[in-house]
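Read through the structure below, which is laid out as structure tokens, and then see the notes.
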């Protein structure tokens, strides 16, 4: 049997023979040098080392065991060989393992839906955004018509001026009516698409779908009410103005939307020219949305190609603005 060093107290478990055929049993070393005798002091620290074996065990034990060199402080540096494990626990690592937690973010419902559901929802959202932009144009037409009927327009110098002012005001209401009719048509088509897709099982009733459909329905009802009010307001005006009524049929919502988009692009370009670039990007984005909506409603291929060219020019200006390069 192999006894521990004389300067240290230790216990060698039975079974640690010097034959080298089997691994020696774990040896418990007590670090510290007793002043006298073979019993170490009670106040010394105790470290547990697991001493394994190597393939080159000799008759005197493991050649790769840790060696303790006694020093002045009763404790020497430990020289460990690779392949042996130390049973010292790291309290910092243990605390980190218990403290580090990861919480996965909640996924939206549409993440796990089918592609048909996602595409239909995207189409409904685009219809809603496009309709809201057209409603903004209609509101501008209405505010201009209301301003034309204000007190500052009541005092005119001649009857002809009064008639021109009234004609301008009523014409604005007529354009507003055309836009509201177009919005009602778009929203009705979107709602019908949602109903058909839900019945076919291609569109699930998720919370997002319910919210979008509810908003489409609200705007549709509001547009119908606006159409009814404007029709009653313009009915008396159109009774004795058949020529004006004939001219109204030439006014289409598509033409009004295109005209408004062009005006937005022109005003943004002027602001860009005079170094007022703060509000250019939102106007360019709105114009792009209106033009893209027109592409879905137009049937003439030449008109569609012209719209595509306009969109390309606006996208180039947007890219230049966002990248900080101004041509």
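Residue numbers (my numbering): 115 to 441.
Ideal Cβ placement from N, Cα and C applies to all residues, glycine included.
Check	Outcome
Is residue 327 closer than 8 Å to residue 305 when the C-beta atoms are compared?	yes
Quick check on DSSP: helix, strand or coil for residue 413?	coil
Start and end of the alpha helix (DSSP H) containing residue 385?	367 to 387
From this set, 254, 237 and 437, which residue's C-alpha is nearest residue 311's C-alpha?	237
Could you check whether the stretch 322 to 336 touches the stretch 406 to 418, counting it as contact only if at least three pairs of C-beta atoms, one from each stretch, sit closer than 8 Å?	no
Measuring alpha carbon to alpha carbon, tell me which residue in 243, 286 and 299 is nearest residue 365.	286
Compute the Euclidean distance between the alpha carbons of residue 390 and residue 330, then round it to the nearest angstrom.	36 Å
For chain C, is any of its Cβ atoms less than 8 Å away from the one on residue 379?	No chain C appears in this structure, which consists of one protein chain only.
Could you tell me whether the Cβ atoms of residue 435 and residue 395 are closer together than 8 Å?	yes
When the distance is taken between beta carbons, is residue 381 closer than 8 Å to residue 397?	yes
Just how far apart, CA to CA, sit residue 373 and residue 220?	44 Å
Quick check on residue 235: buried or exposed, where buried means 16 or more other Cβ atoms within 10 Å of its Cβ?	buried
With H, G and I counted as helix, E and B as strand and the rest as coil, what does DSSP make of residue 407?	helix
Helix, strand or coil: how does DSSP classify residue 318 here?	coil
Are residue 403 and residue 243 closer than 8 Å when you measure CB to CB?	yes
Since residue 223 and residue 321 are thought to touch, with beta carbons under 8 Å apart, how far apart are those beta carbons, to the nearest angstrom?	6 Å
Could you tell me the alpha carbon to alpha carbon distance between residue 419 and residue 341, rounded to whole angstroms?	32 Å
Would residue 289 pass as a contact of residue 316 if the rule is Cβ separation under 8 Å?	no
So residue 231 packs on residue 318, CB below 8 Å; how close in whole Å?	5 Å
Secondary structure at residue 310, three-state DSSP: helix, strand or coil?	helix
Does the Cβ-Cβ distance between residue 371 and residue 292 come in under 8 Å?	no
Within the same chain, show all residues whose beta-carbon is closer than 8 Å to that of residue 298, passing over the 5 residues directly before and after it, in chain order.	334, 337, 338 and 341
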